[in-house]
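A.B. asks:
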Amino acid sequence: MKRGSFRSLFPREEYFFIITRIITVLVLLAWIIFAGKPEGFLPIFSWVILSLFFLHLAVFSLIRKKSSIAIATLYRLTFWLDIVFISFLIHASGGIHSSFFVFYYLPISFSAYYMGLQTGIILAFISSICYVLAILPQLSAPLLPELPVRLSVGWFFALSIGVFSKHFKHSGSKLLHLLDTLNERTTELERTQIQLETIYETSRSLGEIHNLDEVFVEVNNIADNILGYQMCSILLLDNEKQNLELAAKVINGTKKIFKNPQKISIKGVSGRAVETGRVVRISDLTTMNNYIPGLEDAKSEMAAPMIARGKIVGVLNAESTKLAAFSERDEKLFTILAASAGMAIENARLHKRISDLTMTDDLTGIYNYRYFVQRLEEEKRRAARYDLPLSLIMLDLDWFKKTNDTYGHEIGNIVLKEIVQVVVSCIRDTDTFCRYGGEEFIIILPQTISSEACVLAERIRAEVENHDFGIATGIPGLKITVSVGTTSFPDNGLSTMELVQTVDMALYRAKGAGKNMVCTV
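Residue numbers are given in this note's numbering: position 65 of the sequence shown equals residue 69, and the series is strictly consecutive.
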């Protein structure tokens, strides 16, 4: 409810004022028509007074609508004119015997109520003097006792209505303040309810996001667009639980995800949230000795632990350049967001681990055959679309079965891991290295022509031949060699299967030619 709506519960003073004057005019009109006229009364005088009342009413209405004169000033002028009119009317209608003295009570009461006790008393004083002057020629000793009674009623109205008005307006003011407070609280509750519903719905969607970066973006969107925080950052607890890592941040609408997270000490405000497992809300950061700056000129901060399955995975941190910027309502909303973010982050990590398990080889840690087929299809389509070269390298360990039979499968597994390390040191980050099966490995080389693939294959063969496998296996003098085959697109084959068959053919040519060599088809 707006502040001005309280007055709408009661009649507006303009309407009440006009209604009382219309009633006064009607009473005068009825008196002129039906009442007897005192001796010496001029009929024309009554019509003049009535016309003046009508004229005043019209002028008042016109000025009230079009003029910038304050309504209080109009009322004061009207009350003084009323006293003069009523005094002339009393004098013309019988003086002390006239009943129109009761009309004095209307402007006195009205002024006392709408303009205060002081104005009411002043008008009662002026009306008393005017009344005495109007009836003075007829005033006699027998009528003197009646005069104080008539005058005291006016003073009574001025005092009683003035006091009532003062208390009534004070109560009205308190009621207005209460209504304003209620209105603000209602608006705040509605806003909080909307934010809670929005955060709840948005947080539910967080659980459906399986990419960690997308989770960061969505959390920052909620903090920025829904909660309206000046700065919000996502800090992840490292594996050793010794530091926090800044993973993502939004400052004044600008969002950023950090690929190389910055390490932050766990001793700050966010660190306290990790240690206690509870929300930490600081109204004035100047009182903190261990504050770690996250926002320039920050004055207040709030940090909520992100908890998933009973363990803390990180901290959601918000800062503002205003003192005491975060309320209890913010704390509750932030806690809900932090809990949802923690579960979403943990789910994304779990999804990645599961995905890695299905796409990587358990023993060597590189991609498996399943991933190789999927990635080769993608690179083959891209190469065909943009007319780019694509090469494959397949390598196989020579006499590996003999190594297993001689030293055991545990040594054989160590050799496979060592082979992977050697090959990884030779290839590029853009190349895809996969375990094809058993002791066979395959490498996808995007944008690589046949001659470049041959050079790389020879380098891998030489590095493996020169590598000392005895250090890792504990078997001095253990040497391993590989046979390598290469092929390229579009030089050989049109389909993915044909490319794999061709590179496999090149590998077996190398093996058939004596092993420890590179062949190209």
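The beta-carbon is built from N, C-alpha and C at its ideal position, and this holds for glycine as well.
Drop a sphere of 10 angstroms on the beta-carbon of residue 6, count the other beta-carbons inside from all chains shown, and report buried for 16 or more, exposed for fewer.
C.D. replies: Unreliable placement is indicated for residue 6, whose pLDDT of 42 sits below 50; no coordinate value is reported for it.
A.B. asks: Which two residues bound the contiguous alpha helix (DSSP H) that contains residue 266?
C.D. replies: Taken as a continuous stretch (DSSP letters only), residue 266 belongs to no alpha helix (DSSP H), being part of the beta strand (DSSP E) at 258 to 269.
A.B. asks: Could you check the C-alpha separation between residue 289 and residue 416 for me, to the nearest Å?
C.D. replies: 60 Å
A.B. asks: How would you call residue 228, buried or exposed, if buried means at least 16 neighbouring beta carbons within 10 angstroms?
C.D. replies: With 16 or more other Cβ atoms within 10 Å, it is buried.
A.B. asks: Going by the CB atoms, is the gap between residue 449 and residue 487 shorter than 8 Å?
C.D. replies: no
A.B. asks: Given residue 12, which residues of its chain have a CB within under 6 Å of its CB, disregarding the five upstream and five downstream residues?
C.D. replies: Because the pLDDT of residue 12 is 42, which lies under 50, any placement of that residue in the model is unreliable, and the number read from its coordinates should be weighed accordingly. Counting only residues of its own chain and dropping the five nearest sequence neighbours on each side, residue 12 has no CB closer than 6 Å to any other CB.
A.B. asks: Exposed or buried, which one is residue 283 when buried takes at least 16 other CB atoms within 10 Å?
C.D. replies: buried
A.B. asks: Assuming residue 386 and residue 392 make a contact with CB atoms under 8 Å, what is their CB distance in whole Å?
C.D. replies: That belief holds up - the Cβ atoms of residue 386 and residue 392 are roughly 7 Å apart, short of 8 Å.
A.B. asks: Which term fits residue 2, buried or exposed, when burial requires 16 or more other beta carbons within 10 angstroms of its beta carbon?
C.D. replies: A question about residue 2 goes unanswered here, because the residues of the chain that appear run from 5 up to 525.
A.B. asks: Across which residues does DSSP place residue 470 in a beta bridge pair?
C.D. replies: BP columns for residue 470 are empty, so no partner.
A.B. asks: Please state whether DSSP places residue 430 in a helix, a strand or coil.
C.D. replies: coil
A.B. asks: State buried or exposed for residue 97, treating a residue as buried only when at least 16 other CB atoms are found within 10 Å of its CB.
C.D. replies: buried
A.B. asks: In this structure, does DSSP put residue 321 in helix, strand or coil?
C.D. replies: Residue state, collapsed to three classes: strand.
A.B. asks: Run through the DSSP bridge pairs and tell me what residue 364 is partnered with.
C.D. replies: 371
A.B. asks: What are the start and end residues of the beta strand (DSSP E) that includes residue 524?
C.D. replies: 522 to 524
A.B. asks: Taking C-beta to C-beta, are residue 239 and residue 294 nearer than 8 Å?
C.D. replies: Going by C-beta atoms, residue 239 is not nearer than 8 Å to residue 294.
A.B. asks: Please identify the residue among 307, 355, 483 whose C-alpha is closest to the C-alpha of residue 281.
C.D. replies: 307
A.B. asks: Three or more C-beta pairs closer than 8 Å, one from the region 499 to 507 and one from the region 374 to 385: is that the case here?
C.D. replies: yes
A.B. asks: Reducing DSSP to helix, strand and coil, say where residue 223 ends up.
C.D. replies: helix
A.B. asks: Among 444, 237, 301, 427, whose alpha-carbon lies nearest the alpha-carbon of residue 470?
C.D. replies: Closest by alpha carbon: 427.
A.B. asks: On the three-state DSSP scale, how would you describe residue 192?
C.D. replies: Assignment of residue 192 by DSSP, reduced to helix, strand and coil, places it in the helix class.
A.B. asks: Out of 81, 89, 343, point me to the one whose CA is closest to residue 55's CA.
C.D. replies: Residue 89 is the option with its Cα nearest to residue 55.
A.B. asks: So who's on the other strand from residue 315, going by DSSP bridges?
C.D. replies: 312
A.B. asks: Reducing DSSP to helix, strand and coil, say where residue 44 ends up.
C.D. replies: Only weak support is given to the placement of residue 44: the predicted model assigns it a pLDDT of 46, under 50, and the value that follows is read from those uncertain coordinates. Of the three classes helix, strand and coil, the one that applies to residue 44 here is coil, per DSSP.
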